[in-house]
Structure formats: C-alpha cells, structure tokens
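Worksheet: one structure, shown below.
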Amino acid sequence: MSGCIKWDSDKPLKLSKIDAGDTGGLTEEQARAKFLTVSEELSELQALMYGAGSHSALAVLQAMDTGGKDGTIRNVMGAVNPQGCQITSFKVPTPIEQAHDFLWRIHEAAPRKGNIGIFNRSHYEDVLVARVHNLVPKPAWRERYKHIANFEELLADNSTIIIKFFLYISKDEQESRLRKRETDPEKSWKLSVADWHERSLWDDYMKAYEEAIEKTSSPHAPWYIVPANHKWYRDLIVSQAIVERLRPYRKQWHKRLVDVGDEMKAELASSGVNGVSTPSNGNGKAKGKDKAKAKNAEQPEAA
Ligand code: AMP
Ligand code: MG
Numbered sequence: 127m128s129g130c131i132k133w134d135s136d137k138p139l140k141l142s143k144i145d146a147g148d149t150g151g152l153t154e155e156q157a158r159a160k161f162l163t164v165s166e167e168l169s170e171l172q173a174l175m176y177g178a179g180s181h182s183a184l185a186v187l188q189a190m191d192t193g194g195k196d197g198t199i200r201n202v203m204g205a206v207n208p209q210g211c212q213i214t215s216f217k218v219p220t221p222i223e224q225a226h227d228f229l230w231r232i233h234e235a236a237p238r239k240g241n242i243g244i245f246n247r248s249h250y251e252d253v254l255v256a257r258v259h260n261l262v263p264k265p266a267w268r269e270r271y272k273h274i275a276n277f278e279e280l281l282a283d284n285s286t287i288i289i290k291f292f293l294y295i296s297k298d299e300q301e302s303r304l305r306k307r308e309t310d311p312e313k314s315w316k317l318s319v320a321d322w323h324e325r326s327l328w329d330d331y332m333k334a335y336e337e338a339i340e341k342t343s344s345p346h347a348p349w350y351i352v353p354a355n356h357k358w359y360r361d362l363i364v365s366q367a368i369v370e371r372l373r374p375y376r377k378q379w380h381k382r383l384v385d386v387g388d389e390m391k392a393e394l395a396s397s398g399v400n401g402v403s404t405p406s407n408g409n410g411k412a413k414g415k416d417k418a419k420a421k422n423a424e425q426p427e428a429a
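As structure tokens, this is what we get:
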C-alpha cells in the first residue's frame with residue numbers, strides 16, 4: 127500500500143522521516159472513489175465474519191489529540207452493520223480500573239467472535255501517556271511492552287485478527303485543527319486545555335510512539351503508520367488495511383456459513399416440524415453447534 131507504512135522492520139523507526147501529508151499520489155476525488163469500493167468490500171467481509179462467528183477483528187486506533195480517531199471511526203465503520211461492531215473509548219482509568227493491572231479493562235472490551243472491535247485509544251496509552259507523564263516508574267512501563275505482546279498473542283491465538291493504526295498528523299496540522307476547534311462552534315466542545323499542554327510534549331510522545339511501534343509489531347498484530355493530515359486519504363488507508371487483513375478469510379467464512387446452513391436444514395428435516403420456518407437467532411449461526419464451533423481456530427488460506 128503506497129503511502130502507508132506497515133511496520134515490520136527491525137530497524138529503528140523514525141517518525142520524523144515520514145510525511146504526514148502524503149496522499150500516495152492520489153487526488154481527493156480518486157481517493158474518495160476508491161474508498162467507496164473498499165467500504166463495500168468491508169461491509170461484505172464483516173457480514174461474512176459475523177455469520178461465520180469463528181473470528182473477531184480488533185482495530186486499535188492511536189493518535190495525538192485531533193489526530194482523527196473519531197472521524198475515522200465514523201467514516202470507516204459507517205460502512206458496516208453496527209450490530210457487529212463494538213466500539214470502546216479508553217479514558218483516564220477510573221479508581222476501580224487503577225486498582226487492577228493495566229490490561230484488565232482492555233481484555234474485557236476485546237471483541238467477541240463475529241464482531242469487529244474498535245479501540246479508540248487503548249492499552250498503548252499505558253506506554254504513551256503513562257511514560258511521558260511518569261504516571262508509573264520507568265521499570266514498570268518498560269515491562270509493559272512484553273505484557274502487551276503476550277496479551278495480543280493470546281487474542282490472536284483465540285482467533286482475533288488484530289490491526290493497529292497510528293494516525294500520524296504533523297505538528298503544524300495539529301495546531302491548525304486545534305485553532306479550528308476554537309472558531310467552529312460545532313467543534314468547540316472538543317476543546318481541552320490539556321491538548322495544548324500535551325502538544326508541548328510532542329517530541330516525547332513521538333519517541334514513545336516509536337518505541338511502542340517497534341516493540342509490539344508482529345505478524346499477528348501489525349502496526350500501520352497512516353499519513354493522516356488528509357482525512358480522505360486516512361480513511362482510505364485505514365479501510366484498505368482492514369480489508370486486506372480480513373480478505374484472506376473470505377472463503378473460509380463463506381464455507382462455514384454454508385456448512386452451518388446445511389446443518390440447520392438437516393436438523394430441520396430430521397425434526398419432523400414440517401412447514402415451520404427455521405427458528406433463527408438472526409445472525410446466521412446455528413445454536414448449540416459445538417462441532418462447527420470447534421473449527422474456529424482455522425487459519426486463512428493463502429491470499
Ligand atoms: P479523549 O480521547 O480526548 O476523550 O481523552 C481521553 C484522555 O484519557 C486522554 O488524555 C488520554 O491520554 C487519557 N487516557 C486514556 N487511557 C489512559 C491511561 N491508561 N492512563 C492515563 N490516561 C489515559
Ligand atoms: Mg481529547
């Protein structure tokens with residue numbers, strides 16, 4: 127994917143070398159046209175995933191303030207059936223959350239099988255804001271990279287397709303977005319004194335992002351660095367990346383849907399309840415089909 131960086135290198139990451147204003151050579155019109163096509167495929171894949179019920183998907187969204195997490199969720203996920211989506215926004219931990227380990231609240235929000243989960247901020251705050259503001263001692267946050275990697279491996283082993291995004295805007299773009307919030311009455315509600323303070327720590331945050339991305343990228347939980355100054359390009363890249371992660375499962379999910387449907391029909395035929403329509407739970411899944419569910423850890427065929 128031109129313009130977007132999927133981080134799978136063991137070289138050090140230098141965010142300052144990445145152009146946040148990149149558009150991959152596309153005009154806005156071209157990107158918007160592509161986005162519509164990709165959105166259709168995303169919607170189709172989500173419907174298959176939901177019906178098959180064998181996998182979940184988790185998209186993690188991280189960004190500096192004004193980086194576009196809310197807009198990305200609205201635009202990209204606008205294409206899919208809300209019934210199959212779980213969106214969780216992570217704020218400053220509550221006292222009860224603070225009384226647990228940092229992954230406690232995160233694990234609870236992990237998407238159930240069939241669903242796409244979106245994390246608006248995530249466990250990465252615990253190696254970003256926690257590091258930049260010394261919320262925990264250095265040895266404690268340093269240990270967290272390992273815990274995060276292990277946690278994500280656990281989710282992946284449980285058939286969660288993980289994809290992590292850093293929506294990367296430039297410092298200048300952030301300033302113009304913050305100023306716009308001051309002048310646009312419909313955006314002013316998002317203003318926060320803290321945003322300007324956080325902005326003054328920009329370089330520390332970039333260092334924290336670089337290390338988090340370097341230390342936690344893996345084939346089962348890759349990071350994508352998305353040039354996000356142009357919202358239309360950002361949306362395209364995020365939806366394209368999700369589609370590319372889900373597409374290899376298409377055949378497997380489709381087959382499972384058909385198999386489950388066949389089992390339902392066979393059950394109906396042997397039940398002797400002629401003329402009564404199939405009792406459905408509305409999501410295409412057969413109830414109590416443990417045999418079929420046992421297949422849920424299957425890996426995708428080669429794309
Ligand atoms: P917003 O996304 O603008 O609603 O802001 C949420 C705030 O919660 C941000 O300032 C985050 O840095 C903060 N936050 C989220 N997770 C954590 C965390 N684990 N520790 C400390 N602050 C957090
Ligand atoms: Mg904010």
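Using the working numbering, you'd call the opening residue of the sequence shown number 127 and step up by one each time. We put the beta carbon where it would ideally sit given N, CA and C, even for glycine. No experiment lies behind these values; they were computed from the predicted model shown.
Same chain, Cβ closer than 7 Å to residue i, neighbours up to 5 away in sequence not counted
i	result
S248	V186, Q188, F216 and I232
K316	R307
D361	F161, T198, N201 and V202
L281	L184, A236 and I288
Buried or exposed by the 16-neighbour rule on C-beta atoms within 10 Å, applied to residue i
i	result
K143	exposed
T309	exposed
T198	buried
E299	buried
S165	buried
W379	buried
Q172	buried
S135	exposed
R305	exposed
N241	buried
S180	buried
Close-in-space but distant-in-sequence residues of the same chain around residue i (CB under 6 Å, 5 per side omitted)
i	result
H356	T149
M332	L141
L184	P237, G243, T286 and I288
A275	T342
A338	Y250 and V253
R303	T192
Limits of the unbroken alpha helix (DSSP H) element including residue i
i	result
S314	Unbroken run through S314: none, as it is neither H nor E.
S396	R376 to S397
K143	First-last for K143: undefined, no H or E at that position.
V258	V255 to V258
N201	K195 to M203
I224	In the sequence as displayed, the identity of residue 224 is Gln instead of Ile. Run containing Q224: P221 to Q224, per the alpha helix (DSSP H) assignment.
Delimiting residues of the beta strand (DSSP E) encompassing residue i
i	result
A189	S182 to A189
G433	There is simply no residue 433 to check, as the chain begins at 127 and stops at 429 in what is shown.
Y359	Not the beta strand (DSSP E): Y359 falls in the alpha helix (DSSP H), residues K357 to L372.
P353	W349 to P353
Other residues of its chain near residue i: CB distance less than 8 Å, five sequence neighbours each side excluded
i	result
A146	Y294, I295, S296, E299, P353, A354 and N355
L279	In the sequence on display, residue 279 carries Glu and not Leu. S344, H346 and A347.
E336	P138, L139, K140 and L141
T214	A235, G243, I244, F245 and N246
Problem - Segment contact flag, the segment 211-222 with the segment 324-333, C-beta cutoff 8 Å, min 3 pairs - result: Taking 8 Å as the limit for Cβ pairs, the verdict is that the segment 324-333 does not touch the segment 211-222.
Exercise for the section: Determine, using beta-carbon pairs with one atom in the segment 262-277 and one in the segment 141-158, whether at least three such pairs fall under 8 Å. Expected result: no
Handout entry: contact_flag[the segment 349-363, the segment 287-305] where n(CB pairs < 8 Å) is 3 or more
Key = The way I'd put it, the segment 349-363 does touch the segment 287-305; three or more beta-carbon pairs between them come closer than 8 Å.
Handout entry: Cβ pair count under 8 Å reaching 3, the segment 332-346 against the segment 251-259
Key = yes
Practice task
May I have all residues whose beta carbon comes closer than 7 Å to any heavy atom of the ligand MG, sorted in chain order?
Solution key: D191, K316, S318 and D321
Handout entry: At least 3 beta-carbon pairs within less than 8 Å: the segment 207-215 vs the segment 168-184
Key = yes
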